[in-house]
Structure formats: structure tokens, C-alpha cells
Amino acid sequence: MGTVEIYGAQMGAGVLVHGGAGHVDASRRPDHVEGCKHAARVGYDVIASGGSALDAVQAAARVLEDLPAFNAGTGAALNEDGAVEHDAAIMEGATLRAGGVAALRGFKNPIDVARAVLDHGRHVLLAAEGASSFALARGFSKVEEESLVTERAKETLARVLAGRAETGWAGGTIGAVARDRHGSVAAATSTGGTVSKLRGRVGDSPILGAGTLADDVSCAVSATGDGEGILKIGLARVIATLVERGEPVERAAHAAIERMVERTKANGGVIVFDRHGRFGFARSTETMSWAVCGESGADAGI
Ligand code: ASP
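The numbers in the sequence shown follow this note's numbering, run straight up by one, and end at 302.
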């Protein structure tokens with residue numbers, strides 16, 4: 001097993017984002033970090049003006065979805081047919097209200113559709129055509145699918161299909177966790193999934209307790225990495241259980257990532273914010289871009 005890097009600090013109210021676990025080339029690292037810093041700032045502006053953790057993580061996730069450097073929204077990884085199928089979820093820790101979409105095609109900001117599922121309240125997760133019909137009925141417009149596809153995503157798929165790069169997870173998935181001034185937490189995660197995935201494949205990101213979770217009795221979690229491993233372990237739920245028992249967030253994150261690597265050989269990273277205002281992360285990958293912005297200041301890295 002490689003080293004699991006961890007970080008933790010006290011923040012109070014704030015927003016912590018990630019731009020995906022994986023390996024980002026040195027030339028692309030500044031873009032990743034700047035994007036994360038901007039998203040964390042936009043998210044914290046919501047909290048600083050009295051808004052909820054839920055609205056903050058949605059705002060931060062939307063910023064990252066719109067940046068083509070990341071594997072979410074515009075610039076998402078392509079499936080085996082060269083198409084974008086988005087997964088996203090959002091959850092509020094105070095109420096346990098949650099919404100998610102899986103294998104959704106043709107919408108610019110999947111996190112906003114996930115939020116509409118949460119607001120609608122009847123179901124937690126909608127997939128494929130059903131998710132698409134729901135979005136249209138709730139007033140979202142479809143975009144040309146080609147407008148979500150970047151040259152870089154096409155080149156990556158071509159390399160993978162030609163056997164010149166590993167298939168598997170793409171890196172660049174995005175996520176946000178936050179704690180507001182009322183001590184409530186929220187989480188959001190959005191992704192195009194893995195490069196050359198089968199049509200209809202759903203990863204960990206929209207699955208509560210795997211890639212996304214928020215519960216005020218413990219913490220908010222957004223995961224990234226090898227989705228099949230994260231799903232098998234139930235990574236976010238493992239962390240929440242440890243935090244509820246009193247483990248500091250970064251130690252809980254470290255223990256859960258170690259368990260995943262040991263049990264499934266999968267790698268990844270995770271960001272966590274608890275209701276007491278402590279945040280942290282852990283990753284077993286070479287890079288995971290991140291940024292935090294809140295009451296006690298701002299920080300970022302990769
Ligand atoms: N976890 C995502 C998935 O498997 C990929 C990633 O985080 O890069 O869909």
C-alpha cells in the first residue's frame with residue numbers, strides 16, 4: 001500500500017472542496033488549485049452572507065462543474081461510446097434531505113438537478129431517462145451533448161481505447177463539504193465517472209454512504225477515486241461512523257482509506273467537515289487538489 005496523506009485543522013464555518021484524486025500532471029496543477037480556491041471562496045460567500053451549508057456546497061460544486069479542467073459538468077470523462085453520463089448527489093446533514101442523479105445525459109449542471117431531486121423530496125436518486133424527464137419537467141433545459149465534451153476528454157478516451165493508457169478512473173471528480181454558522185453540514189459530489197466506462201455504469205458519487213454523505217450527528221463527506229472500491233467499502237459511511245464515535249475527521253478519513261486500499265486495492269481520497277467545524281482529508285493517490293475557505297482563513301494544495 002502507498003502512503004495515505006492526511007491533513008486536518010479547525011475552521012469553524014467554512015467550505016472545503018476537492019478537484020479529484022488521481023495523478024494530475026505538473027503543468028495542470030496550478031489550474032486545479034486555482035479552480036478549487038475559487039469554488040471554495042464562492043461557497044464560503046454563501047455562508048458568510050448567512051446562507052446554509054447546503055446552498056454553499058451546491059454553489060461551490062457548480063463552479064467546479066463549469067471548469068473544463070475537472071471531470072464533472074463540462075469536461076467530464078467519456079464513456080465507451082464517447083458520451084458524457086453524469087453522476088451527482090447533494091445532501092443536507094440537518095434534515096438528511098438528499099438528491100442524486102445517475103447516468104444523466106445532456107444537462108450542464110447535474111448538481112442543480114440533484115438539488116431539484118432533494119427539493120422535490122419524494123425520491124433520493126433518479127437515473128438515466130427518468131432523471132432526464134424529471135429535470136425537463138422541473139424547468140431545466142438540455143444542452144447539446146457536444147458542448148460538454150472537451151478535446152482533452154476525447155484524447156484521453158482515444159488513448160485508453162488504443163491501450164495506451166489505463167482504463168479506470170479518471171481523476172478530476174469534484175466535491176464540496178461545508179459547515180454553516182448554525183453548525184449544520186452538507187456535502188455534494190459530481191462526476192463524469194471513469195474513462196471508457198460501460199454505458200449505464202453508476203459510480204460511488206451519487207450513492208449516499210459511498211461517495212457522498214452528510215449527517216449533523218457526525219460529518220459531511222465527499223469521496224473521489226476508484227468508484228467500485230469506494231462502493232464496496234461504503235467509504236463515506238465508514239468515516240461518519242468513526243466520527244460519530246469521537247474520532248477526529250482526518251483520522252477517520254485515514255482509517256477508511258487504509259481499509260479500502262487493504263480490502264479492495266482501490267485508491268482514492270476523501271474530504272470531511274464535521275459539525276464542530278473541524279475539517280480534514282486523506283488520500284492514497286499522488287494528487288488530490290483541494291481548497292478550504294472559512295471563518296479562520298483559507299488554504300489550498302494538491
Ligand atoms: N469516483 C468517481 C467514479 O468512480 C471517479 C473519480 O473520483 O475520479 O465515478
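We put the CB at the ideal spot given by N, CA and C, even for glycine.
Beta-bridge partners of Ile6 (DSSP): Ala282. His120 is classed as exposed because its beta carbon has fewer than 16 other beta carbons within 10 Å across all chains shown.
Ile47 carries a helical assignment under DSSP once its states are collapsed to helix, strand and coil. Between Asp81 and the set Asp215, Asp66, Gly8 and Val160, the nearest pair of CA atoms involves Val160. Asn267 has its CB no nearer than 7 angstroms to any heavy atom of ligand 1. Ligand 1 approaches Thr173 closely enough that one of its heavy atoms is under 7 angstroms from the residue's Cβ. The beta carbon of Ala266 is closer than 6 angstroms to those of Asp226, Gly229 and Met260 in its chain, skipping five residues each way along the sequence. Distance from the Cα of Gly172 is smallest, within the candidate group Gly8, Gly192, Leu208 and Ala214, for Gly192. Around the C-beta of His182, fewer than 16 other C-beta atoms lie within 10 Å, and the residue is accordingly described as exposed.
Considered as a whole, the stretch 189 to 257 harbours 227 to 233 and 235 to 244 as its complete alpha helix (DSSP H) runs of no fewer than 4 residues, in chain order. DSSP places Asp66 within a helical segment (H, G or I) once states are collapsed to three. For the pair Gly99 and Ala116, the CB atoms are nearer than the 8 angstroms cut-off. Between Ala56 and Ala186, the CB-CB gap stays under 8 angstroms. One thing to note: Ser218 has its Cβ no nearer than 8 angstroms to the Cβ of Ile111. Ligand 1 has no heavy atom closer than 7 angstroms to the beta-carbon of Asp25. Taking a contact as a CB-CB distance under 8 angstroms, the pair Ala77 and Leu64 does not count as one, their CB atoms being some 14 angstroms apart. Beta-bridge pairing by DSSP links His18 to Gly175 and Trp290. For Val261, the three-state secondary structure derived from DSSP is helix. Judged by beta-carbon spacing, Ala253 lies within the 8 angstroms limit of Gly280, meaning their Cβ atoms are closer than that value.
Non-local C-beta neighbours of Val143 in its own chain, meaning closer than 8 angstroms and more than five positions away in sequence, comprise Gly106, Phe107 and Lys108, ordered along the chain.
According to the DSSP secondary-structure assignment, Gly301 is paired through a beta bridge with Trp290. In the same chain as Lys232, and ignoring 5 residues on each side of it, the C-beta atoms closer than 6 angstroms to its own belong to Thr264, in chain order. Rounded to whole angstroms, Arg41 and Val15 show a C-alpha spacing of 8 angstroms. By the Cβ test, the stretch 243 to 251 is not in contact with the stretch 206 to 214, since fewer than three Cβ pairs between them sit closer than 8 angstroms. Shown here for Lys197: same chain residues with a beta carbon closer than 7 angstroms to its own, the five before and five after excluded, namely Asn79 and Glu80 in chain order. Per the coordinates, the alpha-carbon of Arg164 lies some 19 angstroms from the alpha-carbon of Thr150.
Comparing C-alpha distances from Gly269 to each of His23, Gln10, Gly12 and Met11 shows the shortest one belongs to His23.
In this structure, the alpha-carbon of Ile302 lies about 24 angstroms from that of Val46. With a 10 Å radius around the Cβ and a threshold of 16 neighbouring Cβ atoms, Glu92 comes out buried.
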